[in-house]
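J.: Okay, here's the structure, questions in a sec.
There are 2 protein chains.
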Amino acid sequence: MVDARLDDFQAAKERTAAAQGLPAELSRALGDFLAAGGKRLRPLLCVLGWHTAGRARGQAPAPVVQVAASLEMFHAFCLIHDDIMDDSATRRGRPTVHRALAALHQGRAGRGAADRLGTSAAILVGDLALAWADELLHTADLTSAQLTAVLPLVDAMRTEVVYGQYLDLLTTGHTGEDVEVALRIARYKTATYTCERPLQVGAALAGASAAVRSALSAYALPIGEAFQLRDDILGAFGDPAATGKSSWEDLRDGKHTVLMALALQRADAVQREALHTLVGDPALSEEGAARIRDILTATGALQAVEGMIAHRRARAQHALEQAPFPPAATAALRQLADATTTRTT
Amino acid sequence: MVDARLDDFQAAKERTAAAQGLPAELSRALGDFLAAGGKRLRPLLCVLGWHTAGRARGQAPAPVVQVAASLEMFHAFCLIHDDIMDDSATRRGRPTVHRALAALHQGRAGRGAADRLGTSAAILVGDLALAWADELLHTADLTSAQLTAVLPLVDAMRTEVVYGQYLDLLTTGHTGEDVEVALRIARYKTATYTCERPLQVGAALAGASAAVRSALSAYALPIGEAFQLRDDILGAFGDPAATGKSSWEDLRDGKHTVLMALALQRADAVQREALHTLVGDPALSEEGAARIRDILTATGALQAVEGMIAHRRARAQHALEQAPFPPAATAALRQLADATTTRTT
Numbered sequence: 001m002v003d004a005r006l007d008d009f010q011a012a013k014e015r016t017a018a019a020q021g022l023p024a025e026l027s028r029a030l031g032d033f034l035a036a037g038g039k040r041l042r043p044l045l046c047v048l049g050w051h052t053a054g055r056a057r058g059q060a061p062a063p064v065v066q067v068a069a070s071l072e073m074f075h076a077f078c079l080i081h082d083d084i085m086d087d088s089a090t091r092r093g094r095p096t097v098h099r100a101l102a103a104l105h106q107g108r109a110g111r112g113a114a115d116r117l118g119t120s121a122a123i124l125v126g127d128l129a130l131a132w133a134d135e136l137l138h139t140a141d142l143t144s145a146q147l148t149a150v151l152p153l154v155d156a157m158r159t160e161v162v163y164g165q166y167l168d169l170l171t172t173g174h175t176g177e178d179v180e181v182a183l184r185i186a187r188y189k190t191a192t193y194t195c196e197r198p199l200q201v202g203a204a205l206a207g208a209s210a211a212v213r214s215a216l217s218a219y220a221l222p223i224g225e226a227f228q229l230r231d232d233i234l235g236a237f238g239d240p241a242a243t244g245k246s247s248w249e250d251l252r253d254g255k256h257t258v259l260m261a262l263a264l265q266r267a268d269a270v271q272r273e274a275l276h277t278l279v280g281d282p283a284l285s286e287e288g289a290a291r292i293r294d295i296l297t298a299t300g301a302l303q304a305v306e307g308m309i310a311h312r313r314a315r316a317q318h319a320l321e322q323a324p325f326p327p328a329a330t331a332a333l334r335q336l337a338d339a340t341t342t343r344t345t
Numbered sequence: 346m347v348d349a350r351l352d353d354f355q356a357a358k359e360r361t362a363a364a365q366g367l368p369a370e371l372s373r374a375l376g377d378f379l380a381a382g383g384k385r386l387r388p389l390l391c392v393l394g395w396h397t398a399g400r401a402r403g404q405a406p407a408p409v410v411q412v413a414a415s416l417e418m419f420h421a422f423c424l425i426h427d428d429i430m431d432d433s434a435t436r437r438g439r440p441t442v443h444r445a446l447a448a449l450h451q452g453r454a455g456r457g458a459a460d461r462l463g464t465s466a467a468i469l470v471g472d473l474a475l476a477w478a479d480e481l482l483h484t485a486d487l488t489s490a491q492l493t494a495v496l497p498l499v500d501a502m503r504t505e506v507v508y509g510q511y512l513d514l515l516t517t518g519h520t521g522e523d524v525e526v527a528l529r530i531a532r533y534k535t536a537t538y539t540c541e542r543p544l545q546v547g548a549a550l551a552g553a554s555a556a557v558r559s560a561l562s563a564y565a566l567p568i569g570e571a572f573q574l575r576d577d578i579l580g581a582f583g584d585p586a587a588t589g590k591s592s593w594e595d596l597r598d599g600k601h602t603v604l605m606a607l608a609l610q611r612a613d614a615v616q617r618e619a620l621h622t623l624v625g626d627p628a629l630s631e632e633g634a635a636r637i638r639d640i641l642t643a644t645g646a647l648q649a650v651e652g653m654i655a656h657r658r659a660r661a662q663h664a665l666e667q668a669p670f671p672p673a674a675t676a677a678l679r680q681l682a683d684a685t686t687t688r689t690t
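If you read the protein sequences in the order shown, they are chains S and Z.
All the letters of the first sequence, read from the start, carry residue numbers 1 to 345 under our numbering.
All the letters of the second sequence, read from the start, carry residue numbers 346 to 690 under our numbering.
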């Protein structure tokens, strides 16, 4: 239902642009990006958050679906701008938006002109996604009470995710032993934005009680951190065919992750030297990536992160046992906790 | 008053970030940008729009001021991202945000690492400005009726400005004789966003009648186009000390403007050859820029654009004569029409 709403919105935007004689590339690039897949985790959590308040059974009403769609549109904004900053080549198994738009203008005169235009146009596609996320929210036909409850959550989420991305940028290429910094990035960049805020937004739409809201946070923060820790493992060990991303991009870029921080803490002199040489090397080879993976395993860092994930999943499951949610919502959140922490994509 | 509101908002954001141990660079870069000046034209028009509905005399109430501040914050977003796309070096007489942030990280290891980080961080500063423009709007303490009236205008404005910027990108470096395309860029990139939408937003806050709203559009669109035509002239002939921008950046980048389109239409073979060689040349010298200016003058293109500006100013003044605004609002709009079309900065 979220996808149908996104499709309709997109189609309406394309019709308006066409009627005004405006180029279709920007909205088409955004539409292609949204259609290429993604887990739709944030919309799902938004709808689940709405169910936790237990107001109604069955399908979520249209305004809830539209707010959920707005969160997915916001996520598109984040990923499109992130991919520019990381200069990632692929996402969801396809060229990233800036690469696709550069390819579209390949014939353009001037050295690097197509790449520059691709990047600039992708900045605009991201801007459009952020503006349209807002428009979806504004036109969701919410009551004043719902708007008043939801807008501060969305505003906070946006600021958090920008700060999280900045922390990520600052540490990329400067990976070190500091686990706390890596966890803080996970918290800002993922835990609140991927889990806590979508659940809170859904709950706010249903006028959830303070008890429901705090139970959601108790569940969402550990699960969000676990989600990011799993992402870090997939960024080093994942199967590109499954994740849709290059399997050693995080290693080549030198992302500062908990996994890497723990490996550096535990490495002997030879291993540490190898990590410092290989991690963040723009010319990292498959052999180099394999050597890094060996060290991540041999130092026990991989196993330690698996332990952290399991610990967080247990905390989240424990929070669910105490939570005042309807049984069906609890069961769905329990299943989601398992799925997001054991996933391979 | 708009500046005081922006300062307060900024200070609150910095306090929150500091309390959470988050870096101050992003909000500081945005604050410095806002404090560096700018004409505050959009907030002024928003407040004037509110006055045109004639509900009250004297100072605008706090919610109107905050919405006006939100438009200035949105403008900061546009300029910061535009400067990245154009790779402009200076704005408002200071380094642009991406250049300032690159300088901040100058010591960073790796070739081009500081420049890349500066650009990435500036994308985030722009994103933050867009998100915060929204937050200012959401927290302006508007009534439901005001929100319902204002949000569609703001949503439309955002989409328009992104499309306008894309049209600008597509034609930059490919300047030609097409005056209609150049005027369309002026309309999307400037006329609606700089003039019509801010006036409409202010009027909507005051619950303006349909007669007031259509009179505002009749005034705003010609003035907005004239504003951009003046900008094009300043981009070629302006005094950098007054404009705060390099005087031949538009020429070096090959911006497709009405001025240039007319010059190409009217040029003889020698002049056309010179324009094709010089305009858009990344290594354009002061002598080359002077030669372009000579051609813009000799072909009569400069004078023709001055004529178009005068014609549009007259249309706007004529619209004011018919408009159902209070006399003080009409007088202010009349003065503004003169100021924005004869300005030198």
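C-beta atoms are modelled at their ideal positions from N, C-alpha and C, and glycine is treated no differently.
(1) Counting only C-beta atoms, is Z:T675 closer than 8 Å to chain S at any point?
(2) Can you list, in chain order, the residues of its chain whose CB lies under 7 Å from that of Z:A459, leaving out five sequence neighbours each side?
(3) So if I threshold CB-CB distances at 7 Å, which residues from the region 489-509 of chain Z count as touching chain S?
(4) Can you find a C-beta in chain Z that's less than 8 Å from the C-beta of S:L251?
(5) Can you pull the DSSP bridge partners for S:R91?
(6) Using a Cβ distance threshold of 8 Å, determine whether the region 383-397 of chain Z contacts the region 415-431 of chain Z, with at least three qualifying pairs required.
(7) Spell out whether any CB of chain S is found under 8 Å from the CB atom of Z:I429.
(8) Does the Cβ-Cβ distance between Z:D500 and Z:A606 come in under 8 Å?
(9) Give me the chain Z residues within the contact set of S:Y193, using Cβ-Cβ distance strictly less than 9 Å, ordered along the chain.
(10) Please state whether the Cβ-Cβ distance between S:A319 and S:Y219 is less than 8 Å.
(11) Would you say S:G173 and S:G307 are within 8 Å of each other, going by their C-beta atoms?
(12) If you run the structure through DSSP and keep just helix, strand and coil, what is Z:Q451?
(13) In chain S, which residues lie less than 7 Å from Z:G455 when you measure between Cβ atoms?
(14) Determine the direct distance from the alpha carbon of S:G238 to that of S:D268, and round the result to whole angstroms.
(15) With distances taken from CA atoms, which of Z:V410, Z:G382, Z:L351 is nearest Z:G547?
(16) Is the shortest distance between the beta-carbon of Z:A466 and the beta-carbons of chain S less than 8 Å?
(17) Which residue comes first and which comes last in the alpha helix (DSSP H) that contains Z:M502?
(18) At a Cβ threshold of 8 Å, is S:D268 touching chain Z?
(19) For Z:F354, does the three-state DSSP call read helix, strand or coil?
(20) Counting only C-beta atoms, is S:Y166 closer than 8 Å to chain Z at any point?
(21) For chain Z, is any of its Cβ atoms less than 8 Å away from the one on S:L262?
(22) For S:R40, does the three-state DSSP call read helix, strand or coil?
(23) Residues in the same chain with beta-carbon distance under 7 Å from S:R343, minus the five sequence neighbours each way, listed in chain order, please.
(24) Assign S:T341 to buried or exposed, taking buried as 16 or more other Cβ atoms, counted over all protein chains shown, within 10 Å of its Cβ.
(25) Between which two residues does the alpha helix (DSSP H) holding S:G347 run?
(26) Which residues in the same chain have their Cβ closer than 8 Å to the Cβ of Z:D513, if we skip the five residues on either side of it in sequence?
(27) Report, in whole angstroms, the separation of the C-beta atoms of S:A18 and S:A24, which I expect to be a contact under 8 Å.
(28) Please list the partners that S:P198 has in chain Z, where partner means a Cβ-to-Cβ separation under 9 Å.
(29) When DSSP labels each residue in this structure, what does S:L30 get in the three-state scheme?
(30) Rounded to the nearest angstrom, what separates S:A76 and Z:W395 at their Cα positions?
(31) Three or more C-beta pairs under 8 Å: does that hold for the region 478-486 of chain Z against the region 142-158 of chain S?
(32) Would a C-beta distance cut-off of 8 Å place Z:E594 and Z:S465 closer than the cut-off?
(33) Is S:E177 helix, strand or coil by DSSP?
(34) Beta-carbon of Z:A556 versus every beta-carbon of chain S: anything under 8 Å?
(35) In whole angstroms, what is the alpha-carbon distance linking S:Y166 and Z:A661?
(36) With 16 as the cutoff for other CB atoms within 10 Å, does S:G58 come out buried or exposed?
T.: Put simply:
(1) Position 330 of the second sequence holds residue 675 of chain Z. Closer than 8 Å to the CB of Z:T675 there is not a single CB belonging to chain S.
(2) Taking the first residue of the second sequence as 1, we reach residue 459 of chain Z at position 114. The residues are A447, H450, Q451, R453.
(3) From the region 489-509 of chain Z, only S489, L496, D500, R503, T504, V507, Y508 have a Cβ closer than 7 Å to chain S.
(4) Locating residue 251 of chain S in the first sequence gives position 251, counting from the first residue. No, S:L251 does not count as interfacial toward chain Z.
(5) Taking the first sequence and counting its residues from 1, the one referred to as residue 91 of chain S is at position 91. Its beta-bridge partners are S:R94.
(6) Output reads yes: the region 415-431 of chain Z touches the region 383-397 of chain Z.
(7) Here the question's residue 429 of chain Z lines up with position 84 in the second sequence. Chain S has a Cβ within less than 8 Å of the Cβ of Z:I429.
(8) For the purposes of this step, residue 500 of chain Z is identified with residue 155 of the second sequence, where counting begins at 1. For the purposes of this step, residue 606 of chain Z is identified with residue 261 of the second sequence, where counting begins at 1. Contact flag unset, no.
(9) As a first step, residue 193 of chain S is located in the first sequence; it is residue number 193 there, counting from the start. Result: empty, since nearest Cβ-Cβ is about 12 Å, beyond 9 Å.
(10) Stepping through the first sequence from its first residue, residue 319 of chain S is reached at position 319. Stepping through the first sequence from its first residue, residue 219 of chain S is reached at position 219. Contact: yes.
(11) As a position in the first sequence, residue 173 of chain S is number 173, starting the count at 1. As a position in the first sequence, residue 307 of chain S is number 307, starting the count at 1. The criterion of a C-beta distance shorter than 8 Å is not satisfied by S:G173 and S:G307.
(12) By 1-based counting over the second sequence, the position of residue 451 of chain Z is 106. Of the three classes helix, strand and coil, the one that applies to Z:Q451 here is coil, per DSSP.
(13) For the purposes of this step, residue 455 of chain Z is taken as residue 110 along the second sequence, with counting starting at 1. Within 7 Å of the CB of Z:G455, the CB atoms of chain S belong to G173, in sequence order along the chain.
(14) The residue given as residue 268 of chain S occupies position 268 in the first sequence. The residue given as residue 238 of chain S occupies position 238 in the first sequence. A direct Cα-Cα distance of roughly 25 Å separates S:D268 from S:G238.
(15) As a first step, residue 547 of chain Z must be located in the second sequence, where it is residue number 202. Cα-wise, what sits closest to Z:G547 is Z:V410.
(16) As a position in the second sequence, residue 466 of chain Z is number 121, starting the count at 1. At a cut-off of 8 Å, the C-beta of Z:A466 has a neighbouring C-beta in chain S.
(17) Working through the second sequence from its first residue, we reach residue 502 of chain Z at position 157. Residues 489-516.
(18) For the purposes of this step, residue 268 of chain S is taken as residue 268 along the first sequence, with counting starting at 1. No - not a single Cβ of chain Z is within 8 Å of the one on S:D268.
(19) Working through the second sequence from its first residue, we reach residue 354 of chain Z at position 9. If DSSP states are grouped into helix, strand and coil, Z:F354 belongs with the helices.
(20) What you label residue 166 of chain S is simply residue 166 of the first sequence in a count that begins at 1. True, the Cβ-Cβ gap to chain Z drops below 8 Å.
(21) Here residue 262 of chain S refers to the residue found at position 262 of the first sequence. Taking Cβ atoms only, chain Z never reaches closer than 8 Å to S:L262, which makes this a no.
(22) Working through the first sequence from its first residue, we reach residue 40 of chain S at position 40. DSSP places S:R40 in coil when its eight states are reduced to three.
(23) Residue numbering aside, residue 343 of chain S sits at position 343 when the first sequence is read from its first letter. Counting only Cβ-Cβ distances below 7 Å, and skipping sequence neighbours, we find R230.
(24) Counting from one through the first sequence, the residue named residue 341 of chain S turns up at place 341. Answer is buried; the Cβ neighbour count reaches 16.
(25) This structure does not reach residue 347 of chain S, given that chain S is present from 1 up to 345, and the question cannot be answered.
(26) Within the second sequence, the letter at position 168 stands for residue 513 of chain Z. Hits under 8 Å: I530, K534, K600, H601.
(27) In the first sequence, residue 18 of chain S corresponds to position 18, counting from 1. In the first sequence, residue 24 of chain S corresponds to position 24, counting from 1. About 7 Å separates the beta carbon of S:A18 from that of S:A24, a gap short enough to meet the 8 Å contact definition.
(28) For the purposes of this step, residue 198 of chain S is taken as residue 198 along the first sequence, with counting starting at 1. Close partners of S:P198 in chain Z (Cβ separation under 9 Å) are lacking, with about 17 Å as the shortest Cβ gap.
(29) As a first step, residue 30 of chain S must be located in the first sequence, where it is residue number 30. Here S:L30 sits in helix by DSSP.
(30) Start at 1 with the first residue of the first sequence, and residue 76 of chain S comes out as number 76. Start at 1 with the first residue of the second sequence, and residue 395 of chain Z comes out as number 50. Going from the Cα of S:A76 to the Cα of Z:W395 covers about 36 Å.
(31) Verdict: yes, contact present.
(32) Locating residue 594 of chain Z in the second sequence gives position 249, where the first residue counts as 1. Locating residue 465 of chain Z in the second sequence gives position 120, where the first residue counts as 1. For Z:E594 and Z:S465, no; Cβs fall outside 8 Å.
(33) In the first sequence, residue 177 of chain S corresponds to position 177, counting from 1. In this structure, S:E177 counts as coil in the three-state DSSP scheme.
(34) In the second sequence, counting from the first residue as 1, residue 556 of chain Z sits at position 211. No, Z:A556 does not count as interfacial toward chain S.
(35) Looking up residue 166 of chain S in the first sequence gives position 166. Looking up residue 661 of chain Z in the second sequence gives position 316. Distance between the alpha carbons of S:Y166 and Z:A661: 45 Å.
(36) To locate residue 58 of chain S, count along the first sequence from 1; it is residue 58. Classification for S:G58: exposed.
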